[in-house]
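Chains as they are written, first to last, in the numbering used here: chain A, 1 to 185; chain B, 1001 to 1618.
Heads up, the thing below is written out as structure tokens.
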Amino acid sequence: MQRRNLLKWLSAALSTMCASIIAVPGVRYLFATVQRDTPQAVPPQRVARLNDLPIGEPVEAAITGRRRDAWSIYPEETVGRVWLVRREADESAGSGARVDCYSSVCPHLRCNVSLDPSKQSFICPCHRGRFGLEGERLQTDGQRNPANRGLDALPCQIVEVNGEPWVEVTWQEFEPGISAKVTMS
Amino acid sequence: MICGLRDWMNDRTGYREGLKRLQNRTVPEGPKWGYTPAVCLLWLLVIECVTGFLLMATYSPSAQTAWASVHFIERDTAGAFIRGIHYFAAQAMIVLFAIHIIRVLWTAAFRAPLELVWATGLLLMPLVVVWAITGNPLSGSVIGMSQIEVEGNILGATPIVGPIMQRLLIGGSQVGHLTLTHLYFLHVALMPVLVLTLLAIHIWQINRHGLSVTGKAPDGSLAVSYFPYQTIRNLTVLTMILGTIAWLAWRHGAPFEAPVDPQITHVPRPEWYFLFLFELRGYFVGDAEVVATVVIPIAVLLFLLLLPWLDRRLPRPVSAVFRTVIVIGGCGVWSWLTLSSLSRDWKDKELLASKEKLHALSTRARELADYHSIPIEGPASLLRNDAKTRGPQLFERHCASCHSHTDESGTGIVAETPSAPNLFGFGSERWIAGLLDPEKIGGEHYFGNTGFAEGDMVGTVVDAFDGLEGEDRDNLTGQMRQVAVVLAAEAALPNQAAGAASDIEAGKVLMTDELGCADCHKLGDNGELGSAPDLTGYASRDWLIGFISDPRHERFYGENNDRMPSFAPNPDDPKAGVLSPADVALLADWLRGDWYEPDRPTEPVPAAKPSPQSEDAD
Chain A
1 MQRRNLLKWL
11 SAALSTMCAS
21 IIAVPGVRYL
31 FATVQRDTPQ
41 AVPPQRVARL
51 NDLPIGEPVE
61 AAITGRRRDA
71 WSIYPEETVG
81 RVWLVRREAD
91 ESAGSGARVD
101 CYSSVCPHLR
111 CNVSLDPSKQ
121 SFICPCHRGR
131 FGLEGERLQT
141 DGQRNPANRG
151 LDALPCQIVE
161 VNGEPWVEVT
171 WQEFEPGISA
181 KVTMS
Chain B
1001 MICGLRDWMN
1011 DRTGYREGLK
1021 RLQNRTVPEG
1031 PKWGYTPAVC
1041 LLWLLVIECV
1051 TGFLLMATYS
1061 PSAQTAWASV
1071 HFIERDTAGA
1081 FIRGIHYFAA
1091 QAMIVLFAIH
1101 IIRVLWTAAF
1111 RAPLELVWAT
1121 GLLLMPLVVV
1131 WAITGNPLSG
1141 SVIGMSQIEV
1151 EGNILGATPI
1161 VGPIMQRLLI
1171 GGSQVGHLTL
1181 THLYFLHVAL
1191 MPVLVLTLLA
1201 IHIWQINRHG
1211 LSVTGKAPDG
1221 SLAVSYFPYQ
1231 TIRNLTVLTM
1241 ILGTIAWLAW
1251 RHGAPFEAPV
1261 DPQITHVPRP
1271 EWYFLFLFEL
1281 RGYFVGDAEV
1291 VATVVIPIAV
1301 LLFLLLLPWL
1311 DRRLPRPVSA
1321 VFRTVIVIGG
1331 CGVWSWLTLS
1341 SLSRDWKDKE
1351 LLASKEKLHA
1361 LSTRARELAD
1371 YHSIPIEGPA
1381 SLLRNDAKTR
1391 GPQLFERHCA
1401 SCHSHTDESG
1411 TGIVAETPSA
1421 PNLFGFGSER
1431 WIAGLLDPEK
1441 IGGEHYFGNT
1451 GFAEGDMVGT
1461 VVDAFDGLEG
1471 EDRDNLTGQM
1481 RQVAVVLAAE
1491 AALPNQAAGA
1501 ASDIEAGKVL
1511 MTDELGCADC
1521 HKLGDNGELG
1531 SAPDLTGYAS
1541 RDWLIGFISD
1551 PRHERFYGEN
1561 NDRMPSFAPN
1571 PDDPKAGVLS
1581 PADVALLADW
1591 LRGDWYEPDR
1601 PTEPVPAAKP
1611 SPQSEDAD
């Protein structure tokens, strides 16, 4: 009986060893492949000429950047879209034009928001999230707004290029579904 | 709670009885090491399925992505190990299968009532081999893809059904996207279904006829239980096999050559387990080839399938002799064919050279892919656009009829008839210093064999040194060195550190004033074009591209050009030249030693240029 037990114990040990030779690297490999790529930093880029932006009416612009998709490299591809809203120039402050920039990524579940036909609000086609032209959450028609924060504003400034004013945007992405604006890692 | 759940489960499934039967299994003739190959084969099949499923999580079958996704797997240590296990376990299965069949033949374990066990087992063997060969090309690399092309053609030569089968396998008339998806379908769907179906019949028949359920041995004594006495034997052998496989996977990994590209020529050979057929085919030339590739294999298989019925007619002692002859004869013929093929290959210089070349290309392709990732044009473009790979090929084809490219020891590309400068290290300080050396400029490595041997440049350099002795001579040599520093700075070769800015400035003054280079050559704002090559940006990428494209241009030799052809004379019509602009650039980069090297620091890949998106704004 002693020998039988020893053999049973040995069998268990050997089979565990064989299984772990496959299982340990297998799990490591799976988790290495599903690890999310850190989004590549996109340098600030000019997206539109200031003079092409009508005051108070949002205009959509594309952000291009280098994108890595697992093994492929796309040197220049659209990586995101933004909404530009040119504001009434504030004469008293003495400054010229003022432009705000919002990421078109809905903070709820990352669909792309579009402009409502009235051109007075943004609407997310997925779950009817609504946002005002200042990017704020709108509560309308007694419907619950699924987003728990407003559209994410992006750093944006006006730069002169060959004597012409351009809007320059720094593209960023934020974690969806939470009320705080947290940069995606 | 747990107990209740178990009862509930048992009421519905009756699993306890099943477990009990499994535990009470016995081995009527006692535990044997001879039983282990079959069990290990089953476990290796499980390992193949598990590692295969894991690889499926990343692999992407298409001509564009196959190599790229396998490279992606290989970049991860764990991924490379899993792929290695998958590869070597397949080889082990083929070996174990052969051992298993030999044991069954030897012990006559195919006799009634085990005919179905024998037949299904025998049919499993070719199926497993086909399963393995449908896997080899999936990596989209040179060897696997050329193997499937040849295998497709062999299939195509089969009478009647051949051509349609070939088109089905290849997915059209040429190897491409569909070849890979079809092979993938065969590898992960059709072959597994066929193999598992036959295997189910095989195991069901063994359980029905093989293992004693009475718990009695043939002599009536109590039979030994399967667990743990046979189990420990199985596990011992399995651990040894898996250990070997894991060691191979860890140390060597599965083979992964350069991505398939019609531009890469190599001598293809089948996998080791197919070498015997490859060798056999050599005995049947022309139309008779189908005898070796189809008729003989099918005849052998049919003969073995019918063995239980043939054996039944033979008296026992004759049967023993008969089976011995089959085993020894079969092993002998297989080994003899395989060994004669291998020994021929070992002596084949062309094959060895081809293997070595492919190995170098494969290393380079992986190196480039590690650095650049895979461009959108596909993995083959990695090597096609690599100066280190393409440069020597282009040079040998287009330049080496006159130019050599050999280092001090004489190794490199030797010109057919050296009649132009040796371009090794062209643009480096050392090369230019040699050009300005009165002993060398008229020698075979520079202008010696050219139309300029008696020309102004050689004359000027030789005359300048003529009659100079001692300090004066050393002085001039020093000045020439300074010129070399200036020109090397113009070239800015990636392997050459630039000289100090003050030295370069001083050198430039020297060149225009004292040495009078600018009398014939242009250098920056001094001198004029027309009589000798422009020294502005001498040997830079731009300069070299211009020079190779058209040395007759006034910026270079103009009317004085010796025999150097213009390889791409018309920039407006890139198709008109002998070389495409891309090839000229590759050649220039190679001559300048300008290519990616993993141990050489290079600038990071440039980020996408910010560009105005006026279209979107409008």
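C-beta atoms are modelled at their ideal positions from N, C-alpha and C, and glycine is treated no differently.
For residue 1343 of chain B, which residues from the same chain have a beta carbon less than 6 angstroms from its beta carbon, with the 5 sequence-adjacent residues on both sides left out?
-> Reading the second sequence from its first residue, position 343 is the one you call residue 1343 of chain B. Cβ within range, chain order: n/a, list empty.
Out of B:1100, B:1122, B:1337 and B:1459, point me to the one whose CA is closest to residue 1277 of chain B's CA.
-> In the second sequence, residue 1277 of chain B corresponds to position 277, counting from 1. Of the candidates B:1100, B:1122, B:1337 and B:1459, the one whose C-alpha sits nearest the C-alpha of residue 1277 of chain B is B:1337.
Mark residue 89 of chain A as exposed unless 16 or more other C-beta atoms lie within 10 angstroms of its C-beta, in which case mark it buried.
-> Numbered from its first residue, the first sequence carries residue 89 of chain A at position 89. By the 10 Å Cβ count, residue 89 of chain A comes out exposed.
When we look at the beta-carbon of residue 103 of chain A and count the other beta-carbons within 10 Å, is it buried (16 or more) or exposed?
-> Along the first sequence, read from residue 1 onward, the residue named residue 103 of chain A stands at position 103. Buried.
Would residue 1039 of chain B count as contacting chain A if we go by Cβ distances under 7 angstroms?
-> Taking the first residue of the second sequence as position 1, residue 1039 of chain B is located at position 39. Not one chain A Cβ lies under 7 angstroms of residue 1039 of chain B.
What three-state label does DSSP hand residue 166 of chain A in the structure shown?
-> What you label residue 166 of chain A is simply residue 166 of the first sequence in a count that begins at 1. If DSSP states are grouped into helix, strand and coil, residue 166 of chain A belongs with the strands.
Who are the near neighbours of residue 1390 of chain B in its chain, counting only those whose CB is closer than 6 angstroms to its CB and skipping five residues on each side?
-> As a first step, residue 1390 of chain B is located in the second sequence; it is residue number 390 there, counting from the start. Here the set comprises 1586.
How about residue 7 of chain A and residue 1232 of chain B: do their beta carbons lie closer than 7 angstroms?
-> As a first step, residue 7 of chain A is located in the first sequence; it is residue number 7 there, counting from the start. As a first step, residue 1232 of chain B is located in the second sequence; it is residue number 232 there, counting from the start. For residue 7 of chain A and residue 1232 of chain B, yes; Cβs fall inside 7 angstroms.
State the DSSP-derived secondary structure class of residue 9 of chain A, mapped to helix, strand or coil.
-> Numbered from 1 along the first sequence, position 9 holds the residue referred to as residue 9 of chain A. In this structure, residue 9 of chain A counts as helix in the three-state DSSP scheme.
For chain A, is any of its Cβ atoms less than 7 angstroms away from the one on residue 1589 of chain B?
-> Sequence index remark: in the second sequence, residue 1589 of chain B carries index 589 (1-based). Answer no: the Cβ-Cβ gap between residue 1589 of chain B and chain A never drops below 7 angstroms.
Residue 1230 of chain B: buried (16+ other C-beta within 10 angstroms of its C-beta) or exposed?
-> What you label residue 1230 of chain B is simply residue 230 of the second sequence in a count that begins at 1. Buried.
Residue 1134 of chain B lies in the alpha helix (DSSP H); which residues open and close that run?
-> Position 134 of the second sequence, counted from the start, is the residue given in the question as residue 1134 of chain B. Per DSSP, residue 1134 of chain B belongs to the alpha helix (DSSP H) from 1115-1135.
Where residue 1013 of chain B and residue 1006 of chain B are concerned, what is the direct C-alpha to C-alpha distance, given to the nearest angstrom?
-> Here residue 1013 of chain B refers to the residue found at position 13 of the second sequence. Here residue 1006 of chain B refers to the residue found at position 6 of the second sequence. The alpha-carbon atoms of residue 1013 of chain B and residue 1006 of chain B are separated by roughly 10 angstroms.
For residue 1212 of chain B, which of helix, strand or coil comes out of DSSP?
-> By 1-based counting over the second sequence, the position of residue 1212 of chain B is 212. Because residue 1212 of chain B carries a pLDDT of 48, less than 50, the predicted location of this residue cannot be relied on, and the following value inherits that uncertainty. Coil.
What's the call for residue 1151 of chain B, buried or exposed, on a 16-neighbour Cβ count within 10 Å?
-> As a working note, residue 1151 of chain B is residue 151 in the second sequence. Per the 10 Å Cβ criterion, buried.
Taking a cut of 7 angstroms between CB atoms, which residues from the segment 1057-1071 of chain B lie near chain E?
-> No chain E is present in this structure, whose protein chains are A and B.
Below 9 angstroms between beta carbons is the criterion; list the residues of the segment 153-164 of chain A that meet it against any residue of chain B, in chain order.
-> 161
Proximity winner among B:1097, B:1595 and B:1531, relative to residue 1392 of chain B (alpha-carbon distances) | Translated into positions along the second sequence, residue 1392 of chain B becomes position 392. With distances taken between Cα atoms, residue 1392 of chain B lies closest to B:1595.
If the cut is a Cβ gap below 9 angstroms, which residues of chain B does residue 68 of chain A touch?
-> Counted from its first residue, the first sequence places residue 68 of chain A at position 68. Within 9 angstroms Cβ-Cβ: 1373.
Which chain A residues sit within Cβ distance under 7 angstroms of residue 1235 of chain B?
-> Here residue 1235 of chain B refers to the residue found at position 235 of the second sequence. Simply 11, 14 and 15.
Secondary structure, alpha helix (DSSP H): runs of 4+ residues fully inside the segment 1255-1288 of chain B | 1275-1281
Skipping 5 residues on each side, what residues in its chain have a beta carbon closer than 8 angstroms to that of residue 1248 of chain B?
-> Working through the second sequence from its first residue, we reach residue 1248 of chain B at position 248. 1084 and 1088, listed in sequence order.
Give every residue of the same chain whose Cβ lies closer than 7 angstroms to the Cβ of residue 1458 of chain B, excluding the five residues on either side of it in the sequence, and list them in chain order.
-> Numbered from its first residue, the second sequence carries residue 1458 of chain B at position 458. Here the set comprises 1441, 1442, 1447 and 1452.
Could you name the residues of the same chain whose beta carbon sits closer than 7 angstroms to that of residue 1238 of chain B, not counting the 5 residues immediately before and after it, in chain order?
-> Your numbering for residue 1238 of chain B matches position 238 in the second sequence. Excluding residues within five positions, the ones whose Cβ falls inside 7 angstroms are 1040 and 1043.
Proximity to residue 126 of chain A [Cα-Cα], best of A:119, A:132 and A:108 | What you label residue 126 of chain A is simply residue 126 of the first sequence in a count that begins at 1. Considering only alpha carbons, the answer is A:108.
Per DSSP, which residues does residue 1629 of chain B bridge with? Please list them.
-> Any answer about residue 1629 of chain B is impossible in this case: the structure gives chain B only from 1001 up to 1618.
Extent of the continuous beta strand (DSSP E) to which residue 82 of chain A belongs | Here residue 82 of chain A is taken as the residue at index 82 of the first sequence, counted from 1. Note, residue 82 of chain A: beta strand (DSSP E), 72-87.
Please decide whether residue 1246 of chain B counts as near chain A, where near means a Cβ-Cβ distance under 7 angstroms.
-> Position 246 of the second sequence holds residue 1246 of chain B. Taking Cβ atoms only, chain A reaches closer than 7 angstroms to residue 1246 of chain B, which makes this a yes.
Chain B contact residues for residue 8 of chain A, given Cβ-Cβ distances below 9 angstroms | Indexing the first sequence from 1 puts residue 8 of chain A at position 8. Those within 9 angstroms of residue 8 of chain A in chain B are 1227, 1228, 1231 and 1232.
Can the beta-carbon of residue 1081 of chain B be found closer than 7 angstroms to that of residue 1125 of chain B?
-> Locating residue 1081 of chain B in the second sequence gives position 81, where the first residue counts as 1. Locating residue 1125 of chain B in the second sequence gives position 125, where the first residue counts as 1. It is not a contact, given that the beta carbons lie outside the stated cut-off.
Hey, is the segment 1143-1160 of chain B in contact with the segment 1288-1307 of chain B, meaning 3+ C-beta pairs nearer than 8 angstroms?
-> yes
Starting from the C-beta of residue 161 of chain A, find all residues in its chain whose C-beta is less than 6 angstroms away, skip the five residues before and the five after it, and write them out in chain order.
-> Here residue 161 of chain A refers to the residue found at position 161 when the first sequence is read from its first residue. Within the same chain, residue 161 of chain A has no close Cβ partners at all.
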